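So the structure is just underneath, and the comments pick up after that.
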């Protein structure tokens with residue numbers, strides 16, 4: 037049997053929009069408004085912030101217009117498409133870069149100085165870690181930060197964002213600092229372990245951390261240290277009791293390691 041649809045029914049089919057899509061767009065708009073408001077507050081504290089606040093307000097007005105039309109279901113399909121085409125998130129990201137990148141560069145520079153200081157400490161020298169390679173990595177990061185700053189100063193905020201994104205994906209100064217500080221603590225605690233064989237076996241337990249660090253895999257080294265830290269500390273505490281009354285036997289420690 038041939039089905040016959042009226043013109044109005046066909047039109048309804050073409051214009052139908054899944055309510056879930058409408059909810060998703062309204063959620064995006066809510067997120068955008070929240071982020072734009074946050075950045076505007078930060079921009080007010082900057083010396084050149086008035087211009088950025090003005091640009092943010094323009095985007096907020098745009099967002100409010102889209103939200104109103106979508107909530108009232110005015111030309112719903114066309115309005116949602118206009119919202120997508122406007123690419124307000126991209127415009128927001130450019131503004132966010134102008135506000136946040138200088139602050140983030142400053143934070144990274146401070147972190148790098150702290151790492152350099154730790155690498156120069158006497159107690160960092162005999163941990164079995166390749167500190168020269170770590171210093172080279174720090175210099176590499178300084179050069180990358182300088183490129184970010186150069187892009188930013190020239191007004192190429194998109195390239196500044198991309199460069200910084202690549203930098204974050206690759207590395208964070210805290211990863212070197214975390215491993216070195218924890219290795220200092222482990223080495224210091226191991227000094228109190230009297231049995232040489234037990235001491236060497238405990239050292240082997242964090243050998244993978246050391247080898248990854250020395251290969252320049254600082255993130256993996258830090259993750260491995262995080263994962264094994266509690267077990268290693270427990271092992272050291274057990275090792276300290278070897279030979280003491282009611283302490284753990286040497287054999288138990290060797291099995292544990």
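Numbering (this note's numbering), first residue to last: 37 to 293.
Glycine is no exception: its CB is placed at the ideal position from the N, C-alpha and C atoms.
As the structure is a prediction and not an experimental result, all values here were calculated from the model.
Roughly how many whole angstroms lie between the Cα atoms of residue i and residue j?
{"i": "residue 179", "j": "residue 107", "result": "49 Å"}
{"i": "residue 168", "j": "residue 160", "result": "12 Å"}
{"i": "residue 211", "j": "residue 105", "result": "48 Å"}
{"i": "residue 207", "j": "residue 113", "result": "43 Å"}
{"i": "residue 183", "j": "residue 244", "result": "34 Å"}
{"i": "residue 177", "j": "residue 58", "result": "44 Å"}
{"i": "residue 110", "j": "residue 254", "result": "53 Å"}
{"i": "residue 194", "j": "residue 124", "result": "14 Å"}
{"i": "residue 190", "j": "residue 157", "result": "38 Å"}
{"i": "residue 267", "j": "residue 163", "result": "19 Å"}
{"i": "residue 141", "j": "residue 92", "result": "22 Å"}
{"i": "residue 133", "j": "residue 241", "result": "43 Å"}
Using DSSP with H/G/I as helix, E/B as strand and the rest coil, what is residue i?
{"i": "residue 141", "result": "helix"}
{"i": "residue 46", "result": "A caution first: residue 46 carries a pLDDT of 45, below 50, which makes its placement in the model unreliable, though a value can still be read off. Looking at residue 46 - three-state DSSP - the assignment turns out to be helix."}
{"i": "residue 61", "result": "helix"}
{"i": "residue 201", "result": "helix"}
{"i": "residue 178", "result": "helix"}
{"i": "residue 83", "result": "coil"}
{"i": "residue 156", "result": "coil"}
{"i": "residue 275", "result": "helix"}
Using CA coordinates, which residue listed in the options is at the minimum distance from residue i?
{"i": "residue 221", "options": "251, 265, 198", "result": "265"}
{"i": "residue 246", "options": "202, 223, 232", "result": "223"}
{"i": "residue 252", "options": "205, 172, 236", "result": "172"}
Measure the Cβ-Cβ separation of residue i and residue j and say whether it is below 8 Å.
{"i": "residue 229", "j": "residue 257", "result": "no"}
{"i": "residue 68", "j": "residue 99", "result": "yes"}
{"i": "residue 32", "j": "residue 226", "result": "Outside the shown range of the chain (37 to 293) lies residue 32, about which nothing can therefore be said."}
{"i": "residue 128", "j": "residue 96", "result": "no"}
{"i": "residue 250", "j": "residue 260", "result": "no"}
{"i": "residue 203", "j": "residue 174", "result": "no"}
(message) Going residue by residue through the region 93-135, where are the continuous alpha helix (DSSP H) segments of at least 4 residues, counting only ones entirely within it?
(response) 112-122
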